[in-house]
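Enquirer: Pasting in a structure now, in structure tokens, and then I'll have a few things to ask.
Chains as they are written, first to last, in my numbering: chain V, 98 to 442; chain S, 98 to 442.
Put into structure tokens, the structure is as follows:
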């Protein structure tokens, strides 16, 4: 298995991220409803990986329906998949592309056209993450200690990873002294997923609790922060895993560069700024239970936003497959939008 | 049972804080070694409560030895108890007072003198926390949402609490809209202990993960932060539970007052600033295991400091039983030191 989400002959194979780091188990999904469920319950997570999985989900819907009912089945799948998670933009970008294929190629060529488009979406993610890794590694100084939050790795992207792609590329170049991984409560993607990927790649990783970030920075132990993104607005505001914003404020207070790595598909040119990004609220259980056991006192209320928004003025650079972008982001992102093939430094 | 640590006839009764919030169980300890062990394994935690427990531990040592060996037993207990936890200053202040009694009253009156001194230390904590609660509540605006970290409550102080004492006093005065409790990884004192105390007191509490503090502040949802302290240096630098420093930086970035509540015994006039405060490193297990199950990937390193230091320039005011102190702290703390009876606004 090369990627965390893949198309195998006639179905989707997906790494069950919920079982990591204890078990590396792959699920074979054959219906679009199974894919929608896997997105909801976070079997697959990470904005780019969700986008790829959703595209394959649409193919499964087309494949599972008799030709006369194919269009209806695809429309229903687009609808169901679009309601799985509200924050990541890649999901919607991916479904828009699949919807366009439906509009342009109705009839007997539809299944083939949808399959080709889904494979393209995936291939583009793979190439994007390769470009991002190379471009971003150029920003990492020699002997660096880098902090990353949540998981923007191989498993989050169905490719080589964005933030972790950069860190591992810098590691291959011999530049990394240490990677500090914040555990990323409530679902511990840092402790479970990022630590797993880094240890597996032979990279030196140290786990801390999210609350320790400021202390570690104050001791002069961090040279830069590299995180992924779930959605980036036209002005450079970044929605990413809850906790990212706190880290960005702390990085600024300690004069530490704060880099955001994301495929261009993560940039949502339809929204002016981060205020328009819907923040998904998740179940209280994620906070009050650990390993299935209740830890919090009974009767306490819970607030559990899955993401936060980091305003563009705290972002040092955005690294996409189209190059490294520094402030002012609004103008830069506009230029990139008109320059899809180009590389920009 | 009135307090989390108490002297009952001839022994120490102690709330086992490790079992909260699920079980409210009290342990009867009859030797100083049991008390030392209870401090190490965090059966009792919270700087003032540790100080009270240690004083009673010394009494147990005196009581358990024949009169001829009493002095030796007390000296050994002072030594063993002094090695339990390095950061909280109350422990050392308490042991110094017990040591002075040993020096001043050797011989047959020793046991009585030690018992009186331990009871005094406890009584002073109780009175201090009452004064702190009243003074601090005056700083809380009407309709306030207050954030607190870790647990500086009844159970941490063997009295009415410092930070939580203030919050509950403000609640009694009808000023509190909501209390935001950060869960306080790794040991979740916020989720387990503070939430338990607040719910028990009928106060409105909402639990968040530590990583959510910045996001909640950015939404304008916090009017002030109130935390306790494990040690305060002469210049006002504050050592407290890991995560406090990050919250102080975030509070400053959002123009939110950051209050530290602590009995005067927490102030260590022997140290110039926070750099001299030893930060206890705790076991990796606390980070990689949850409810006894390993959650983090195998092979990852762990950094687990129990405390951090918040520099005085991020502290809006220090609230002790001697009054409310604002910057410049060095001069103010010196004045307070010479004014033990006075109240200062």
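Using N, Cα and C, we set each Cβ at its ideal position, and we do this for glycine too.
Please list the partners that residue 281(V) has in chain S, where partner means a Cβ-to-Cβ separation under 8 Å.
Expert: 308
Enquirer: If you check the beta carbons only, do residue 347(V) and residue 346(S) fall under 8 Å apart?
Expert: yes
Enquirer: Residues of the segment 109-139 of chain V with a CB closer than 9 Å to any CB of chain S: list them in chain order, please.
Expert: Within the segment 109-139 of chain V, the residues whose Cβ lies closer than 9 Å to some Cβ of chain S are 117, 118, 119, listed in chain order.
Enquirer: Can you check which of these residues, 134(V), 212(V), 146(V), is closest to residue 326(V) by C-alpha distance?
Expert: 146(V)
Enquirer: Tell me, please, whether the CB atom of residue 242(S) is closer than 8 Å to any CB atom in chain V?
Expert: no
Enquirer: For residue 348(V), return the contacting residues in chain S, with the cut-off set at a CB-CB distance below 9 Å.
Expert: Result: empty, since nearest Cβ-Cβ is about 10 Å, beyond 9 Å.
Enquirer: How many whole angstroms separate the CB atoms of residue 174(V) and residue 144(V), which I take to be in contact at a CB cut-off of 8 Å?
Expert: Not a contact, Cβ separation roughly 20 Å.
Enquirer: Spell out the partners DSSP gives residue 365(S) in its beta bridges.
Expert: BP columns for residue 365(S) point to 330(S).
Enquirer: Helix, strand or coil: which one does DSSP assign to residue 134(S)?
Expert: Helix.
Enquirer: Return the Cβ separation of residue 164(S) and residue 205(S) in integer angstroms, given the expectation that the two are a contact with Cβ distance under 8 Å.
Expert: 7 Å
Enquirer: Let me make sure I understand the geometry here. Which of 300(V), 372(V), 315(V) has the alpha-carbon closest to that of residue 329(V)?
Expert: 372(V)
Enquirer: Quick one: is residue 315(S) near chain V, going by C-beta distance under 8 Å?
Expert: yes
Enquirer: Using a Cβ-Cβ cut-off of less than 9 Å, list which residues of the segment 271-301 of chain V approach chain S; keep chain order.
Expert: 275, 277, 278, 279, 280, 281, 282, 283, 285, 287, 288, 289, 290, 291, 292, 293, 294, 295, 296, 297, 301
Enquirer: Using C-beta distances below 6 Å, list every residue in its chain close to residue 170(S), excluding the 5 sequence neighbours before and after it, in chain order.
Expert: 158, 162
Enquirer: Within this structure, are the beta carbons of residue 126(S) and residue 151(S) separated by less than 8 Å?
Expert: Between residue 126(S) and residue 151(S), the CB-CB gap reaches or exceeds 8 Å.
Enquirer: Determine the DSSP secondary structure at residue 285(V), reduced to helix, strand or coil.
Expert: coil
Enquirer: Return helix, strand or coil for residue 239(S), following the three-state DSSP convention.
Expert: In this structure, residue 239(S) counts as coil in the three-state DSSP scheme.
Enquirer: Going along the chain, which unbroken runs of the alpha helix (DSSP H) with 4 or more residues stay wholly within the segment 161-226 of chain S?
Expert: 167-179, 186-201
Enquirer: If the cut is a Cβ gap below 8 Å, which residues of chain S does residue 303(V) touch?
Expert: 397, 398, 399, 400
Enquirer: Can you tell me which of the three DSSP states residue 100(S) falls into?
Expert: coil
Enquirer: What residue does the beta strand (DSSP E) around residue 303(S) start on, and which one ends it?
Expert: 302-305
Enquirer: Less than 8 Å between CB atoms is the rule here; does residue 311(S) satisfy it with respect to chain V?
Expert: Yes, residue 311(S) counts as interfacial toward chain V.
Enquirer: Interface residues of chain V around residue 144(S) at Cβ under 7 Å?
Expert: Neighbours of residue 144(S) on chain V: none; closest Cβ ~18 Å, over 7 Å.
Enquirer: Measure the Cβ-Cβ separation of residue 433(V) and residue 361(V) and say whether it is below 8 Å.
Expert: Cβ distance < 8 Å, so residue 433(V) and residue 361(V) count as in contact.
Enquirer: Taking contact to mean 3 or more Cβ pairs, one atom from each stretch, closer than 8 Å, check whether the segment 350-361 of chain V and the segment 307-325 of chain V are in contact.
Expert: yes
Enquirer: Given 7 Å as the limit, tell me if residue 432(S) has its C-beta closer than that to any heavy atom belonging to the ligand NAP.
Expert: With respect to the ligand NAP, the structure offers nothing, as it holds no ligand at all.
Enquirer: When DSSP labels each residue in this structure, what does residue 383(V) get in the three-state scheme?
Expert: Residue state, collapsed to three classes: helix.
Enquirer: Should residue 341(S) and residue 405(S) be called a contact, given that it needs their Cβ atoms to be closer than 8 Å?
Expert: The answer is yes: Cβ separation under 8 Å.
Enquirer: Where do the N-terminal and C-terminal ends of the alpha helix (DSSP H) with residue 292(S) fall, by residue?
Expert: 292-297
Enquirer: Starting from residue 390(S), find everything on chain V with Cβ-Cβ shorter than 7 Å and list it in chain order.
Expert: 388
Enquirer: Identify the continuous beta strand (DSSP E) that holds residue 415(S) and give its terminal residues.
Expert: Unbroken beta strand (DSSP E) run through residue 415(S): 414-417.
Enquirer: Using only the alpha-carbon positions, how far apart do residue 441(V) and residue 333(V) sit?
Expert: Confidence at residue 441(V) is low in this model, with a pLDDT of 40, below 50, so its placement is unreliable and no value can be given for it.
Enquirer: So, does the CB of residue 255(S) fall closer than 8 Å to a CB anywhere in chain V?
Expert: no
Enquirer: Rounded to a whole number of angstroms, what is the C-alpha to C-alpha distance between residue 390(S) and residue 428(V)?
Expert: 49 Å
Enquirer: For residue 141(S), does the three-state DSSP call read helix, strand or coil?
Expert: coil
Enquirer: What whole-angstrom Cβ distance do residue 279(S) and residue 305(S) have, given they're in contact under 8 Å?
Expert: Confirmed, Cβ separation roughly 6 Å.
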